[in-house]
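**Student:** Structure incoming, see below.
Protein chains: 4
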Amino acid sequence: MHNIIKLFNLDVDLAVEARDLVRGTADREIPGVVEQVEKMEKIKITTITIKDQQGAHMMGRPIGSYVTIESPPLKINDPYVKDEIIDAMEKNMNFLFNSRLKTDDTVLLVGLGNWRATADSLGPKFIEYSPITRHYHHYAPEALVEGMRPVCGIAPGVLGITGLETFEVVEGIVNKIKPALLIVVDALAAQNVERIGTTIQMSNTGIQPGAGIGNARKALVEEKLGIPVIAIGCPTIVNASVIANQAIQKFCLNTGAIYDDLKAIDSIKNVLSYFGGSLAVTPKEIDEIIENSARIISMGVAKSLFPSISQEQLELYAT
Amino acid sequence: MHNIIKLFNLDVDLAVEARDLVRGTADREIPGVVEQVEKMEKIKITTITIKDQQGAHMMGRPIGSYVTIESPPLKINDPYVKDEIIDAMEKNMNFLFNSRLKTDDTVLLVGLGNWRATADSLGPKFIEYSPITRHYHHYAPEALVEGMRPVCGIAPGVLGITGLETFEVVEGIVNKIKPALLIVVDALAAQNVERIGTTIQMSNTGIQPGAGIGNARKALVEEKLGIPVIAIGCPTIVNASVIANQAIQKFCLNTGAIYDDLKAIDSIKNVLSYFGGSLAVTPKEIDEIIENSARIISMGVAKSLFPSISQEQLELYAT
Amino acid sequence: MHNIIKLFNLDVDLAVEARDLVRGTADREIPGVVEQVEKMEKIKITTITIKDQQGAHMMGRPIGSYVTIESPPLKINDPYVKDEIIDAMEKNMNFLFNSRLKTDDTVLLVGLGNWRATADSLGPKFIEYSPITRHYHHYAPEALVEGMRPVCGIAPGVLGITGLETFEVVEGIVNKIKPALLIVVDALAAQNVERIGTTIQMSNTGIQPGAGIGNARKALVEEKLGIPVIAIGCPTIVNASVIANQAIQKFCLNTGAIYDDLKAIDSIKNVLSYFGGSLAVTPKEIDEIIENSARIISMGVAKSLFPSISQEQLELYAT
Amino acid sequence: MHNIIKLFNLDVDLAVEARDLVRGTADREIPGVVEQVEKMEKIKITTITIKDQQGAHMMGRPIGSYVTIESPPLKINDPYVKDEIIDAMEKNMNFLFNSRLKTDDTVLLVGLGNWRATADSLGPKFIEYSPITRHYHHYAPEALVEGMRPVCGIAPGVLGITGLETFEVVEGIVNKIKPALLIVVDALAAQNVERIGTTIQMSNTGIQPGAGIGNARKALVEEKLGIPVIAIGCPTIVNASVIANQAIQKFCLNTGAIYDDLKAIDSIKNVLSYFGGSLAVTPKEIDEIIENSARIISMGVAKSLFPSISQEQLELYAT
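Taken in order, these protein sequences are the chains called A, B, C and D.
Taking this note's numbering, the leading residue of the first sequence gets 1, the next gets one more, and so forth.
Taking this note's numbering, the leading residue of the second sequence gets 1, the next gets one more, and so forth.
Taking this note's numbering, the leading residue of the third sequence gets 1, the next gets one more, and so forth.
Taking this note's numbering, the leading residue of the fourth sequence gets 1, the next gets one more, and so forth.
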């Protein structure tokens, strides 16, 4: 499977899936990588910590902590699971940025993706549903309740529409407004359709928009920006070539045929070549899934940023 | 392949694909089915005519004519191909409803699908971009130029959102306003990703919303509605299980493994089960493809309904 | 003021405003019209009942009951007022259609207006946020909880875009599916900007889309459709000529100049002529106001239609 | 009238309207201001040049040139007027930035406003319809035809939704990517409803987002950004208080009553107080007007930036 990913130049956005790929069928430990699982009533929280360069190399992603919240019911709007997820997000936000923010520290939210393409609109919708308060500090401080730190947000759009790298947009804002923390939300690609709308990943390692570990020049990371970067994402698509390869593998298992990854890749390319690698598999309910996920992530983040403010109050500040 | 389609209960919306499935690898004639191909500079027009019950049974669709306009450049907005397609549509509209409309006959346009789900919004966008003139005849006849027959249109929404069958909405309107012709536009599912945004199918057999030939009770067909029904569609998705099966078949071909359709189905179900049959494969450019296709179809239909009116003039009437 | 409304051919959509216009400055009773006011903690409910033809003639609207719920905080998303309004709507729905629905009676919801024009999208959004259940009765009865009557809904679009009268679309559906009750939601025009987003009107008299009492042929009323029709609306605009006239009247009051309605009309026409009567005054927050109002009305209606189902459960059925 | 504007703190966005306000009823020259009018077949071009501080003070705007293209048919989609306007824009773009751009100079487009509020979405739509090419220079130079300079664009959103000043977003991008020219597009407020959708203003003086000349700290101007700034705008609203005041003035003229601006202001405040100054007057066709204006401005700008490329080719690059 690793070969498929390399040859199609696919991203493995989820640390839990990278771990599964590294491990393969063996259930062995990965050197330099520590994992911890917490099971709650309706959700499961897996924390993968990459501790050194060896772990980073094997996992294909930077040193740091990756928290995965999994809950099949997340994709339907079950109010009870929603609250459990929001609580888990709040708690893990605190864990991930470690040092608590000071009361009046500014936070910058960044919503990656394209609001005109449903499956890629998670980031822009996150900005839309988040309470934005920074301008009240300048123009209408009397409209603020106690505990309303300055929070601002931007959805910088995608390269194909703006001609600008995300980093080119975000770096200037960071230099200008000096936030103490950056929170970046993006739609992710998964290796498994079951993850669409059921998984949230949070990490303290920043983000490489649209690329693997190599292209560090444009990464939204602490080394480049000078402030901690929390990255949050939800899988919203699976690449069509991943699905096709899984079907071939399963077919070989079922029939006893011998799986050959180069020939599998050839076969898949032949079927999917017309649109190159850009074919995405999504469920019909994707609009609703994005909507719900964006609202839940907005609230989970808001609760961690404004711990003394009630959820009802926060909804009033969400534009 | 036929088995896959039956077992996953998939639609084969395109007559040219049904023909390929019936023929299989052999290039034999299908009894009761006549085919004619016309190649133009940038497009290819295939007319499949099902002449009798035997042909209808083999092709899994009603007696009638199916015109398929194929042009890889359709999906990009090449102005030259656009005009060739619009001309071909106009000509074949005339061929399909055979008897010409009288000057003041009313025409009802129906745009099937869900305007909130990109890949399913072709029909509603067709209504949006079509010149609608019927109300001018009642309220502002002076705003009409010579040759502006009464045209009206509705996008009835989808069952999951309205709780209403399309037929339940359309039948009443037909009885009330007595159109001489119904034109129904819908997004289709293809068996091949290359067809997305490159193919238009037009037929004079009406349409069975969201189903095969069986569910005749709810079909939009002349027998039920009492007026001719032209159905027009563009493929906008391929079902994920179709892609997966093609990859398995190609892999068997490449490796010499023996293809077994039951085991293929098992493998695919295993990979895709979580969202049932509702997983669709679409290219990332789907928003743009739908937009362009809807505009081209609107104009092709409008030119056939208002033969004496210029394209510029028609665009002024398109709301 | 009456003259302004006649001369500009404006609608007075709200019964409470028609009452004020009839009364003028005098606080006299209107023959054939009974009024009752209930004040609650955050809202005020005025029930105007037109009892006979004399009252109907004076009020310019049919015999029947008109319930107006007023609450300045309605336009902001105050969770507490929201619940009070939803409760008031539920209670008055029961009052207005008098005879209770039987358990398995079908209800048809109609959302008037144009979803592409913000200030006119209240009706379509009402359909979007309402729980739709009728199709589950046919296709997935196991997905229904006890007490889930069949509810369906349609947003038929506006004449200018479809070329169809609302009545032409709705009558056929009513004949086909035989609902026991029709509920129609529409955006209204007010005489006062303070009413935008703060007022809900409910009546049991049906509705004349886009027109006064004269054009009965196209009215959605019990006499025509054979079933009770509840009409619900919220003011979302004030016509610009109404605002201008109010300013002139107030100016005359402030300066002692003599108000002359013909000269006022001339002056206003002169200022607004370019776009005819189609100039609307809306607040910048109109998108948010429509969104909140549509959600509140959907929930108020749903609670009255599914009295045994919890609000959380209802939200799961809202597509 | 001047008092109305001051007291309601309104913007006079159009130089031609500022000129009319300064002149009042007298047709005198304004010191330090030169005006030139060119009449073409379907459009009229007025160039107002503010030459010194005295002119700037009287006109309430910076020294520089303001080109106004007026054409009543602009708001309908007349293909012939469209081409005349696009040509006029191209010609005046060259006039305004004076020194021609070098072949490979980068240009940054900025679309101000809120894409979720129709009347404020001109800027974001301008970005959407403009050919964006900068990323091809990095990633796919082979996709570029000769003469395709690097153009990029951003719609930074509005303060109320992002908590960020436009200047805070744009300055960082300018510093990072070093464009040779900034082109800013924004929706404007007019003093006259006839201007909505019929007027385009272009100037070489930059822009003060949402404010008059005072708030220079946040202005998008050459002195702050170090590069020339072309500002382009179309009126999309008239403030309701302006309409009301005009009606009062016209009424006084018609009846011989004496106009008193303080009492007029009092009267208007009384009528409009509930929503403060945020009440906008727009025609019902505003969605269509914005759409057409955005497409025309995009094309006019694109023609001036890519003089050797055909309009058809440019449309292919517009995402």
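Just so you know, even glycine gets a beta-carbon here, dropped at the ideal spot from N, CA and C.
These numbers come from a predicted model, not from an experiment.
Threshold first: 4 residues or longer. Then list the alpha helix (DSSP H) segments lying entirely within the region 57-112 of chain A, N to C.
**Tutor:** As far as the region 57-112 of chain A is concerned, its whole alpha helix (DSSP H) runs of at least 4 residues are 79-97.
**Student:** Please classify V110 of chain A as buried or exposed, where buried requires at least 16 neighbouring CB atoms within 10 angstroms.
**Tutor:** Under this definition V110 of chain A is a buried residue.
**Student:** Smallest Cα separation from P72 of chain C: which of C:N94, C:E41 and C:K178?
**Tutor:** Among C:N94, C:E41 and C:K178, the Cα nearest to that of P72 of chain C belongs to C:E41.
**Student:** Would you give the residue range spanned by the beta strand (DSSP E) that P124 of chain B belongs to?
**Tutor:** First-last for P124 of chain B: L122 to Y129, but that is the alpha helix (DSSP H), not the beta strand (DSSP E).
**Student:** Flag this pair as yes or no: are the beta carbons of L279 of chain D and V271 of chain C separated by less than 8 Å?
**Tutor:** Not closer than 8 Å, so no.
**Student:** Note the first and the last residue of the continuous alpha helix (DSSP H) segment covering D52 of chain C.
**Tutor:** Run containing D52 of chain C: none; DSSP gives neither H nor E here.
**Student:** Quick check: what's the CA-CA separation for N254 of chain B versus L14 of chain A?
**Tutor:** Going from the Cα of N254 of chain B to the Cα of L14 of chain A covers about 32 Å.
**Student:** Pop quiz: S293 of chain C and G157 of chain C are said to be a contact at Cβ under 8 Å. What is the actual Cβ separation, rounded to whole angstroms?
**Tutor:** 20 Å between Cβ atoms; not a contact.
**Student:** Helix, strand or coil: how does DSSP classify P179 of chain A here?
**Tutor:** Of the three classes helix, strand and coil, the one that applies to P179 of chain A here is coil, per DSSP.
**Student:** If we count Cβ pairs, one from each stretch, closer than 8 Å, do we get three or more for the region 78-88 of chain B versus the region 124-140 of chain B?
**Tutor:** The region 78-88 of chain B, when compared against the region 124-140 of chain B, does not touch it at the 8 Å Cβ threshold.
**Student:** I want to know whether the region 214-233 of chain C touches the region 230-247 of chain D - three or more CB-CB distances under 8 Å.
**Tutor:** Not touching, per the Cβ criterion.
**Student:** Give a yes or no on whether 8 Å exceeds the smallest Cβ distance from E146 of chain C to chain A.
**Tutor:** Answer no: the Cβ-Cβ gap between E146 of chain C and chain A never drops below 8 Å.
**Student:** Relative to the C-alpha of A219 of chain C, which residue among C:A56, C:V22, C:P62 and C:G24 is closest?
**Tutor:** Of C:A56, C:V22, C:P62 and C:G24, the residue nearest in Cα terms is C:P62.
**Student:** Please list the residues of the region 159-176 of chain B that have a C-beta atom closer than 7 Å to any C-beta atom in chain C, keeping them in chain order.
**Tutor:** Correct list: L159, G160, I161, T162, G163, L164, E168, V169, E171, G172, I173, N175 and K176.
**Student:** In chain C, which residues lie with their C-beta within 9 Å of the C-beta of E291 of chain A?
**Tutor:** Those within 9 Å of E291 of chain A in chain C number zero; the least Cβ separation is about 11 Å.
**Student:** Against chain D, with Cβ distances strictly below 8 Å, would R295 of chain C count as a contact?
**Tutor:** Not closer than 8 Å to any Cβ of chain D, the Cβ of R295 of chain C fails to qualify, so no.
**Student:** Name the chain A residues that come within less than 7 Å of P79 of chain C, Cβ to Cβ?
**Tutor:** Result: E312.
**Student:** Suppose the cutoff is 8 Å on Cβ atoms and the five residues either side in sequence are ignored; what does the same chain contact list for R19 of chain D look like?
**Tutor:** Here the set comprises I30, V33, E35, I48 and M59.
**Student:** Find the residues of chain D that neighbour E194 of chain C, judging by a C-beta separation of less than 7 Å, and give them in chain order.
**Tutor:** Result: Y274.
**Student:** Under a three-way DSSP split, which group does T133 of chain B fall into?
**Tutor:** Correct three-state label for T133 of chain B: coil.
**Student:** Would you say G123 of chain A lies against chain D (beta-carbon separation less than 8 Å)?
**Tutor:** By this cut-off, G123 of chain A is not an interface position.
**Student:** Name the two residues that bound the continuous alpha helix (DSSP H) containing G160 of chain A.
**Tutor:** G160 of chain A -> alpha helix (DSSP H) spans L159 to T162.
**Student:** Can you tell me which of B:D266, B:T199 and B:I268 puts its alpha carbon nearest to the alpha carbon of C234 of chain B?
**Tutor:** Nearest option by C-alpha distance: B:T199.
**Student:** Using the DSSP secondary-structure output, state which residues sit across from M202 of chain C in a beta bridge.
**Tutor:** In DSSP, M202 of chain C forms a bridge with C:V67 and C:I232.
**Student:** How about P141 of chain C and F275 of chain D: are their beta carbons less than 8 Å apart?
**Tutor:** Contact: no.
**Student:** Does DSSP put I289 of chain C in a helix, in a strand, or in coil?
**Tutor:** If DSSP states are grouped into helix, strand and coil, I289 of chain C belongs with the helices.
**Student:** So, at 6 Å on beta carbons, what are the nonlocal neighbours of H137 of chain D in its own chain, with the 5 sequence-adjacent residues on each side left out?
**Tutor:** Within the same chain, H137 of chain D has close Cβ partners P150.
**Student:** State the Cα-Cα distance for the pair Q325 of chain C and K39 of chain C, rounded to the nearest angstrom.
**Tutor:** Outside the displayed span of chain C (1 to 319) sits residue 325 of chain C, for which this structure offers no information.
**Student:** So that I know if they touch, is there some Cβ in chain B lying closer than 8 Å to that of R149 of chain A?
**Tutor:** False, the Cβ-Cβ gap to chain B never drops below 8 Å.
**Student:** Given a cut-off of 8 Å on the beta-carbon distance, is the pair L112 of chain B and I154 of chain C in contact?
**Tutor:** It is not a contact, given that the beta carbons lie outside the stated cut-off.
**Student:** Quick one: which chain A residues come within Cβ less than 7 Å of G153 of chain D?
**Tutor:** Per Cβ cutoff of 7 Å: T162 and G163.
**Student:** Cα-Cα, which of C:H57, C:T103, C:I248 and C:A26 is closest to D260 of chain D?
**Tutor:** The shortest C-alpha separation from D260 of chain D is found at C:I248.
**Student:** What does the alpha-carbon distance come out to for the pair I258 of chain A and C252 of chain A?
**Tutor:** Their Cα atoms are separated by approximately 6 Å.
**Student:** Would you report the Cα separation of K82 of chain D and H57 of chain C, rounded to the nearest angstrom?
**Tutor:** Answer to the nearest angstrom: the Cα atoms are 50 Å apart.
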